[in-house]
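Written out below as structure tokens is the structure these notes cover.
In the working numbering, the protein residues as written are 1 to 214.
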């Protein structure tokens with residue numbers, strides 16, 4: 001998944017890309033964030049919220065990007081806030097003190113739902129601004145759109161390279177997310193007894209994993 005982000009660190013410049021390996025959740029639960037509710041319980045591991053194998057493929061394809069000084073940073077922590085408003089200056093400084101690298105509004109619940117669905121998921125962040133912590137550069141929509149246009153061209157180049165790489169036979173099991181297979185199904189199976197499963201709630205789970213409960 002590609003996402004426009006604000007940079008929380010000087011070294012991550014507008015038009016740089018970041019392959020994050022961690023996320024801090026500052027959302028408020030407004031958007032649905034789980035498939036397991038209303039009579040179905042499933043606690044899925046989320047210590048490493050992105051797919052390390054897929055991240056390595058993305059990093060391998062960094063040479064497809066173009067532009068003077070454009071960098072693909074190979075790790076970072078993304079702060080995911082609720083939005084739609086941007087951060088206050090105090091919040092922006094707080095996120096920097098936490099070690100945040102970039103900030104956006106869409107990494108979550110997307111990453112959580114992908115993990116529950118046993119999908120190989122990696123976000124690729126495209127910096128459009130320095131967020132409002134930067135003393136010389138306040139955020140405005142016009143500036144963000146300018147950098148987004150440039151980032152869009154590099155996103156096309158990068159995703160083309162990634163898809164070509166993933167098409168290789170050596171990555172076939174990763175594309176099918178075989179390394180995540182059973183993570184969610186097992187969580188539900190062993191944490192919610194059959195007699196305690198709400199039939200309506202189970203429809204979501206059965207849609208994700210057809211035939212598993214037969």
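Just so you know, even glycine gets a beta-carbon here, dropped at the ideal spot from N, CA and C.
Being a predicted model, the structure only gives us computed values, none of them experimental.
- [ ] Run the CB neighbour count on residue 145, radius 10 Å, all protein chains shown included, and call it buried at 16 or more, exposed below.
- [x] exposed
Open item on the list: Only counting the same chain, and skipping five residues up and downstream in sequence, which positions put a Cβ closer than 6 Å to that of residue 173?
Closed with: Cβ neighbours of residue 173 beyond the five flanking positions: none.
- [ ] Taking 8 Å as the threshold, find out whether the stretch 176-190 comes into contact with the stretch 113-129 through three or more Cβ pairs.
- [x] yes
Task: Contact under 8 Å by Cβ, residue 125 with residue 17 - done: yes
TODO: State yes or no: is the C-beta of residue 31 within less than 8 Å of the C-beta of residue 79?
DONE: Not closer than 8 Å, so no.
Task: The alpha helix (DSSP H) enclosing residue 152, as first and last residue numbers - done: 141-166
Open item on the list: Could you tell me which whole alpha helix (DSSP H) segments of length 4 or greater appear in the stretch 172-201?
Closed with: Runs found: 172-175, 183-191.
Task: Pairwise C-alpha distance: residue 147 and residue 100 - done: 21 Å
- [ ] Could you check how far apart the C-beta atoms of residue 191 and residue 41 are, in whole angstroms? I think they sit under 8 Å.
- [x] 5 Å
Task: For residue 63, the first and last residue of its enclosing beta strand (DSSP E) - done: Here residue 63 belongs to no beta strand (DSSP E), and DSSP marks it neither H nor E.
TODO: Return the residue from the list 77, 197, 11, 193 that minimises the CA-CA distance to residue 231.
DONE: The structure shown does not extend to residue 231, since the chain is modelled only from 1 to 214, so the question has no answer here.
Open item on the list: Taking the alpha carbon of residue 2 as the reference point, which residue from 19, 195, 8 has its own alpha carbon closest?
Closed with: 19
TODO: Evaluate residue 14 with the Cβ neighbour count: other Cβ atoms within 10 Å of its Cβ, from every protein chain shown; 16 or more gives buried, anything less gives exposed.
DONE: It counts as buried.
TODO: Using alpha carbons as the reference points, say which of 193, 33, 197 lies closest to residue 109.
DONE: 33
TODO: Would you mind reading off the limits of the alpha helix (DSSP H) that contains residue 94?
DONE: 89-97
Open item on the list: Against chain C, does residue 195 count as a neighbour if the rule is that its beta carbon must be under 8 Å from one of theirs?
Closed with: You won't find chain C in this structure, because it holds only one protein chain.
Open item on the list: Tell me the DSSP secondary structure of residue 2 in three-state form.
Closed with: strand
Open item on the list: Which residue wins for smallest C-alpha separation from residue 140, given the options 87, 155, 181?
Closed with: 87
- [ ] Starting from residue 26, follow the beta strand (DSSP E) in both directions and report where the run begins and ends.
- [x] Where residue 26 is concerned, the enclosing beta strand (DSSP E) stretches over 22-26.
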